[in-house]
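I have placed the structure first, in the form of structure tokens, so that the comments after it can refer back to it.
In this note's numbering, the protein residues as written are 879 to 1284.
The following block contains the structure:
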């Protein structure tokens, strides 16, 4: 059993996003009928929730700011929404929690969605202005920023798979959104650095281990390599090298040249790791026959986190790495404890190998609204009534044990 050895300045946290927990938000998801309603009523209970996070022993907290609340109409800033987030940041500071703040976590104001959202290049100056205003308002509280959560997941679920708003099913559109999200990140970085030169800015990139279903079969190997390039590698490498060049079946050649930056366009890389899939020659995602599954049917595979961390370290040029999401749907809470322990052992092993891992944010603090899956999946260390599950006590104990190993 690998010991839990973590550095003294390691960030231990939980993660949330505004639409999934706050409640009372009107945006492109609610208009599409995927309505979170009051969600966890975090907008009223944020102080209690932050205190619960601190009681876990964490020292960091990942959250997002809801664009639809802050800018409900183009150029119209909601002072009440801004005041609320000031209160949230003050509570985080009082509770000793370092915030990591996401600007775009899948949701858009209605006025932007109706103009075409991320498919329309007009979103780029709008996102740039939003990032600048956010940095001006809240930069004094925030060292760690995430411009975009899971950009590739968003692009393909919303514009090729068609399971998320705006329910499009064209690969070319998904790849255009992919490009706009890259450009949007760069614009956000410029604005945040202008306001807060010492801020650390990254993305939260979903990394799923994609292995050939038949490891010996050339067609499965080729499809696995292609999907890894598109879904895992390309977005990161474009921000590191400044160049994106892809050829994608059904879309042709995709290319983009980013402007130069002395400091680069990433200060850190956030990694959202949940599972692995086996990829066959047709591109289908299959499960290993021996797979142990979460309530959502995702394989629990901690070893995949180590493999993806090693790759992320290579792709990012050895940038600081944060696990910005890691968790599972587990209503019984029978799997979450072993899941946590196994993944933290993997992180400890990765640190021993010299990988620059700086923090871990468990998804999620609370059972919340899980997008198209609604409220059924239970990802929380705490349930919606704020009752601690046994896994919450375990996470608390693991954090304490890791600190005592110093």
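For glycine and all other residues, C-beta sits at the position ideal for the given N, C-alpha and C.
Could you tell me which residues DSSP pairs with residue i in its beta bridges?
i: residue 940; result: 893 and 978
i: residue 1146; result: 1080
i: residue 1046; result: Paired residue(s): none; residue 1046 is not in a bridge.
i: residue 1163; result: 1157
i: residue 1123; result: 1133
i: residue 1115; result: DSSP lists no partner for residue 1115.
i: residue 1239; result: 891
i: residue 1027; result: 1082
i: residue 903; result: For residue 903, which the question treats as bridged, DSSP gives no partner whatsoever.
i: residue 1177; result: 1171
i: residue 1201; result: 1149 and 1238
i: residue 1090; result: 1157
i: residue 1022; result: 978 and 1078
i: residue 1266; result: 1260
i: residue 1244; result: 1260
i: residue 909; result: DSSP lists no partner for residue 909.
i: residue 954; result: 951
Report the option in the options whose CA atom is closest to the CA atom of residue i.
i: residue 1034; options: 997, 1006, 1201 and 1087; result: 997
i: residue 1273; options: 1092, 1238 and 1253; result: 1238
i: residue 895; options: 886, 911 and 924; result: 924
i: residue 941; options: 1144, 1070, 920 and 1011; result: 920
i: residue 1101; options: 1120, 1058, 1117 and 1156; result: 1156
i: residue 1197; options: 1280, 1236 and 1179; result: 1236
i: residue 982; options: 1038, 884, 1031 and 1210; result: 1031
i: residue 1268; options: 1227, 1037, 1252 and 1216; result: 1216
i: residue 938; options: 927, 948, 944 and 947; result: 927
i: residue 1127; options: 1118, 1104, 1043 and 1010; result: 1104
i: residue 995; options: 1222, 1037 and 1192; result: 1037
i: residue 990; options: 951, 1211 and 934; result: 951
i: residue 887; options: 1200, 1210, 1153 and 970; result: 1200
i: residue 1049; options: 883, 904 and 1108; result: 1108
i: residue 1115; options: 979, 1016 and 1192; result: 1192
i: residue 1149; options: 1122, 897 and 1234; result: 1234
i: residue 898; options: 1247, 1280 and 1283; result: 1247
i: residue 955; options: 965, 908, 977 and 1010; result: 1010
i: residue 972; options: 1043, 929, 1261 and 904; result: 929
i: residue 1097; options: 1158, 1118, 1210 and 1057; result: 1158
i: residue 1153; options: 1177, 1259 and 1119; result: 1177
i: residue 1043; options: 1260, 1258, 907 and 1279; result: 907
Here's the rule I'm using: 16 or more other beta-carbon atoms within 10 Å means buried, otherwise exposed. How should residue i be labelled?
i: residue 985; result: buried
i: residue 1249; result: buried
i: residue 1245; result: buried
i: residue 1026; result: buried
i: residue 889; result: buried
i: residue 1075; result: exposed
i: residue 892; result: buried
i: residue 1140; result: exposed
i: residue 1018; result: exposed
i: residue 1045; result: exposed
i: residue 944; result: buried
i: residue 1143; result: buried
i: residue 1067; result: buried
i: residue 1112; result: buried
i: residue 968; result: exposed
i: residue 1024; result: buried
i: residue 947; result: buried
i: residue 881; result: exposed
i: residue 900; result: buried
i: residue 992; result: exposed
i: residue 1060; result: buried
i: residue 1004; result: buried
i: residue 1135; result: exposed
i: residue 1251; result: exposed
i: residue 1164; result: exposed
i: residue 1069; result: buried
i: residue 949; result: buried
i: residue 1205; result: buried
Could you check how far apart the C-beta atoms of residue i and residue j are, in whole angstroms? I think they sit under 8 angstroms.
i: residue 1213; j: residue 1172; result: 7 angstroms
i: residue 1106; j: residue 1124; result: Not quite, the Cβ-Cβ distance comes to about 12 angstroms (not below 8 angstroms), so this is no contact.
i: residue 1256; j: residue 1207; result: 6 angstroms
i: residue 1065; j: residue 1028; result: That belief does not hold up - the Cβ atoms of residue 1065 and residue 1028 are roughly 19 angstroms apart, past 8 angstroms.
i: residue 974; j: residue 1013; result: Contact doesn't hold; Cβ gap of about 23 angstroms is too wide.
i: residue 1080; j: residue 1146; result: 4 angstroms
i: residue 1082; j: residue 1203; result: 7 angstroms
i: residue 1062; j: residue 1002; result: 6 angstroms
i: residue 1218; j: residue 884; result: 14 angstroms between Cβ atoms; not a contact.
i: residue 905; j: residue 970; result: About 24 angstroms; that fails the 8 angstroms criterion.
i: residue 1118; j: residue 1194; result: 6 angstroms
i: residue 1276; j: residue 1222; result: 6 angstroms
Touching or not, the region 960 to 975 and the region 906 to 917, by the rule of three or more beta carbon pairs under 8 angstroms?
no
Assess contact between the region 1051 to 1058 and the region 1075 to 1095, defined as three or more Cβ pairs (one per stretch) separated by less than 8 angstroms. Is contact present?
no
Segment contact, 8 angstroms Cβ cut-off, at least three pairs: the region 1184 to 1204 with the region 1078 to 1087:
yes
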